[in-house]
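Participant: Let me begin by handing over the structure; questions about it come next.
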Amino acid sequence: KQEVTQIPAALSVPEGENLVLNCSFTDSAIYNLQWFRQDPGKGLTSLLLIQSSQREQTSGRLNASLDKSSGRSTLYIAASQPGDSATYLCAVLMYSGGGADGLTFGKGTHLIIQP
Amino acid sequence: DVKVTQSSRYLVKRTGEKVFLECVQDMDHENMFWYRQDPGLGLRLIYFSYDVKMKEKGDIPEGYSVSREKKERFSLILESASTNQTSMYLCASSSGPSSYEQYFGPGTRLTVT
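First to last, the sequence lines map onto chains A and B. Using the working numbering, you'd call the opening residue of the first sequence number 1 and step up by one each time. Using the working numbering, you'd call the opening residue of the second sequence number 1001 and step up by one each time.
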C-alpha cells in the first residue's frame, strides 16, 4: 500500500528566504505526482503536476522535482512571501490500468512566512 | 479554468439523517472523486467514478454511497449520518489519460450532532 510522507510537518521562515519542502513515497510505480496548496478551511489548489517520465516542473517562483527511483519529490519556493503561508500537500497517483484512481496524500507541511 | 463546485460550504445534520452532498464540474471530465479530510489523518479517498453510472470504492467507503447519473454531477450519500462522519468533504475531478490532474472543489464542512 502506497504511503506518502512529508517533512517537515511545520516550517516557519522569514520573508525572502528560499525554502524546500520534501515528499517521499514508498511505491515508485506512480503515474504522476501533484503538489497542492490549501488555505485554512478551503479546498485544494493544484500548484504543479509532474508526470512519472518528467524530472521537474516550474511555475513562477515554484519548482518541483521528481526522483521516481528513490521515491522522492521536492517543492522549492524562491523568495518566499507572507502570501505563501499555507499548508502544502503532496499526492501521488497510481495508475490502476482500468482508469483513473484516487490520489494518496501526505499529511502536509504547514508553512508560515514571517513578514 | 476548471471549476468544481459543491452544493454547500457548511452543513449541520442530526444523527440518523440521510445526507446528500452534491458536486458539479464544468469541464466534461470523465473521473470524479470524493475525499474526506480529518486532522491527523489527512485526506482519504471514499469513492470515485470513471464514467456515468460507474463507481469504485476507495479506502474508506463504509457508511457512504454515491450516485453518478450525469457526467458532470457526482453525489455522496450518507444513508444514516453518524457523529464520526463529521468532517471536511472534498470533491475532485480529472480528465485522462493525458494527465489525470485532479481539480478540487471548495469543500463542505459537515457537522453531525
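Note that CB positions come from ideal geometry on N, CA and C, so glycine has one too. On a predicted model such as this, the values are computed, not experimentally measured, just so you know.
May I ask you to list the residues that DSSP assigns as paired with B/Val1066?
Facilitator: B/Leu1076
Participant: Identify which residue in A/Leu21, A/Tyr95, A/Phe25, A/Gly71 has its Cα closest to the Cα of A/Arg37.
Facilitator: A/Leu21
Participant: Applying the 10 Å Cβ sphere with the 16-neighbour rule, what's the burial state of B/Met1032?
Facilitator: buried
Participant: Would you say B/Leu1110 reaches chain A, if we count a Cβ-Cβ gap shorter than 8 Å as a contact?
Facilitator: no
Participant: Taking the CB atoms as reference points, tell me whether A/Leu93 and A/Phe105 lie closer together than 8 Å.
Facilitator: no
Participant: Starting from B/Gly1042, trace the beta strand (DSSP E) both ways and give me its first and last residue.
Facilitator: 1042-1049
Participant: Give the DSSP-derived three-state secondary structure of A/Pro82 in the structure shown.
Facilitator: helix
Participant: Tell me the DSSP secondary structure of B/Asn1084 in three-state form.
Facilitator: helix
Participant: Tell me the rounded alpha-carbon separation between A/Leu103 and B/Leu1041.
Facilitator: 14 Å
Participant: In the DSSP assignment, the beta strand (DSSP E) including B/Lys1013 goes from what residue to what residue?
Facilitator: 1010-1013
Participant: A/Arg61: which of A/Ala79, A/Ser53, A/Ser69, A/Thr26 sits nearest, CA to CA?
Facilitator: A/Ala79
Participant: What does the alpha-carbon distance come out to for the pair A/Lys42 and B/Asp1038?
Facilitator: 13 Å
Participant: Roughly how many whole angstroms lie between the Cα atoms of B/Glu1101 and A/Gln6?
Facilitator: Approximately 20 Å between the Cα atoms of the pair.
Participant: Can you give me the Cβ contacts of B/Arg1073 inside the same chain, cut-off strictly under 6 Å, excluding the 5 residues immediately before and after it?
Facilitator: Val1024
Participant: Alpha carbon to alpha carbon, how far is A/Cys23 from A/Lys68? Give it in angstroms, no decimals.
Facilitator: 11 Å
Participant: Count the other CB atoms within 10 Å of the CB of B/Gly1058; is the residue buried (16 or more) or exposed (fewer)?
Facilitator: Per the 10 Å Cβ criterion, buried.
Participant: Is the stretch 1103-1112 of chain B touching the stretch 1063-1071 of chain B, taking contact as three or more C-beta pairs under 8 Å?
Facilitator: no
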